[in-house]
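Residue numbers (our numbering): 8 to 273.
Yeah, the Cβ is synthetic: ideal placement off N, Cα and C, and Gly gets one too.
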Amino acid sequence: MYVVVIHESVFAGEWWNANVIDVENEGLRTGGAPNSSDAFTINSRPGDLYPYSSNRIIIYKNVVSLTPQMPVLPAFDDTPTAYKFSTSLTALVNAPHWVPVPLKANEHMFVTISLGLIPCERNNTCAGLFDQKSAASMNNASFQFPTKLSMLQAFFNNVDGIYTTDFPDQPPLVFNYTNSDNKRNRTIIMTSKSTKVKKLKFNSTVEMVLQNTASLGIEMHLMHLHGFKFHVLAQGFGNYDPINDAKKFNLINQQARDTTGVPTGG
Numbered sequence: 008m009y010v011v012v013i014h015e016s017v018f019a020g021e022w023w024n025a026n027v028i029d030v031e032n033e034g035l036r037t038g039g040a041p042n043s044s045d046a047f048t049i050n051s052r053p054g055d056l057y058p059y060s061s062n063r064i065i066i067y068k069n070v071v072s073l074t075p076q077m078p079v080l081p082a083f084d085d086t087p088t089a090y091k092f093s094t095s096l097t098a099l100v101n102a103p104h105w106v107p108v109p110l111k112a113n114e115h116m117f118v119t120i121s122l123g124l125i126p127c128e129r130n131n132t133c134a135g136l137f138d139q140k141s142a143a144s145m146n147n148a149s150f151q152f153p154t155k156l157s158m159l160q161a162f163f164n165n166v167d168g169i170y171t172t173d174f175p176d177q178p179p180l181v182f183n184y185t186n187s188d189n190k191r192n193r194t195i196i197m198t199s200k201s202t203k204v205k206k207l208k209f210n211s212t213v214e215m216v217l218q219n220t221a222s223l224g225i226e227m228h229l230m231h232l233h234g235f236k237f238h239v240l241a242q243g244f245g246n247y248d249p250i251n252d253a254k255k256f257n258l259i260n261q262q263a264r265d266t267t268g269v270p271t272g273g
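Here's what the structure looks like:
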């Protein structure tokens with residue numbers, strides 16, 4: 008007896024009526040938001056909501072046609088409910104790949120995640136706020152790709168001048184991070200390009216607080232640690248309180264992730 012299971016792959020994507028490299032380059036040149044896509048796609052097909060000639064649909068053989076009973080779901084923008092669910096997920100203690108969280112950290116970092124502005128170059132027209140260029144930053148340091156050599160090559164070959172090791176453990180300015188009134192405060196939203204890194208000793212234990220900000224705009228930011236996992240001890244909204252919020256840390260069955268979302272306004 009043979010049992011054959013056919014798996015259907017579904018790929019969600021976007022379509023531009025332009026070269027996507029040109030779209031990216033234009034966004035980088037002007038410092039504004041890249042042009043919006045012209046269509047959303049499923050398996051590269053825009054569907055009947057767009058001017059498209061295909062009329063193919065999927066038909067499964069030997070399947071009874073039924074009207075599914077859809078559950079009552081929260082609104083698509085109900086962020087608190089979504090985060091209540093996602094943050095309630097826990098690890099299975101003593102499972103084969105479970106790793107207990109270290110209880111003592113020898114490095115402490117408080118990192119703000121922001122969208123700011125850098126000055127517009129001479130003889131260029133920029134599309135960001137105040138006619139400047141938009142730039143993401145962490146602790147008000149916006150990353151600049153090195154041009155001569157990669158950072159890993161520079162590190163392993165002891166090449167100077169490619170990056171600096173002065174990425175700050177704290178933001179340069181303390182303010183009400185989630186107050187949207189700061190989005191036009193030039194003291195807060197102006198940043199600069201650099202190639203700063205934080206060097207850690209081998210086997211260091213780092214406690215890092217990721218604080219979202221409302222400068223220019225307020226949105227969720229995905230953070231990824233490539234090739235490694237980290238413990239997510241807590242998530243919440245508003246400004247981080249080192250006294251009260253630290254009491255909410257899950258030190259028993261916390262999530263281990265390689266990607267997490269820093270909440271909108273949290």
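Exercise. If we call anything under 8 Å between Cβ atoms a contact, is Lys203 one with Phe174?
Worked result: yes
Problem set entry | Met215 beta carbon less than 8 Å from that of Met116 | yes
For this session: Say whether the segment 118–128 touches the segment 91–101, bearing in mind that this needs 3 or more beta-carbon pairs closer than 8 Å, one atom from each stretch.
Result: no
Problem set entry | Lys140 - containing beta strand (DSSP E), residue span | Lys140 to Met145
Problem set entry | One or two residues paired with Gln262 in a DSSP bridge | Val239
Exercise. Opposite Met215 in the DSSP bridges: which residues?
Worked result: Met116
Exercise. Which value, in whole angstroms, describes the spacing of the CA atoms of Gln139 and Val108?
Worked result: 43 Å
Problem set entry | Close beta carbons around Ala253, own chain, < 6 Å, minus the five adjacent residues each side | none
Exercise. By how many angstroms is the C-alpha of Asp84 removed from the C-alpha of Val12?
Worked result: Residue placement at Val12 is poorly supported in this model, since its pLDDT is 47, which falls under 50; the coordinates still yield a value, given next. Using only the alpha carbons, I get a separation of about 36 Å.
Problem set entry | Sequence ranges, beta strand (DSSP E) only - wholly within the segment 19–87, length at least 3 | 19–22 and 46–49
Exercise. Looking only at C-alpha atoms, which of Ala112, Leu136, Ile259 and Asp188 sits nearest to Val213?
Worked result: Ala112
For this session: Can you give me the Cβ contacts of Asp188 inside the same chain, cut-off strictly under 7 Å, excluding the 5 residues immediately before and after it?
Result: none
Exercise. Can you name, in chain order, every residue of its own chain whose Cβ lies under 8 Å from the Cβ of Phe152, other than the five neighbours on each side?
Worked result: Thr202
Problem set entry | Where Ile195 falls, given that 16 or more other Cβ within 10 Å makes a residue buried | buried
For this session: Measure the C-alpha to C-alpha separation of Asp167 and Lys206 and round it to an integer number of angstroms.
Result: 14 Å
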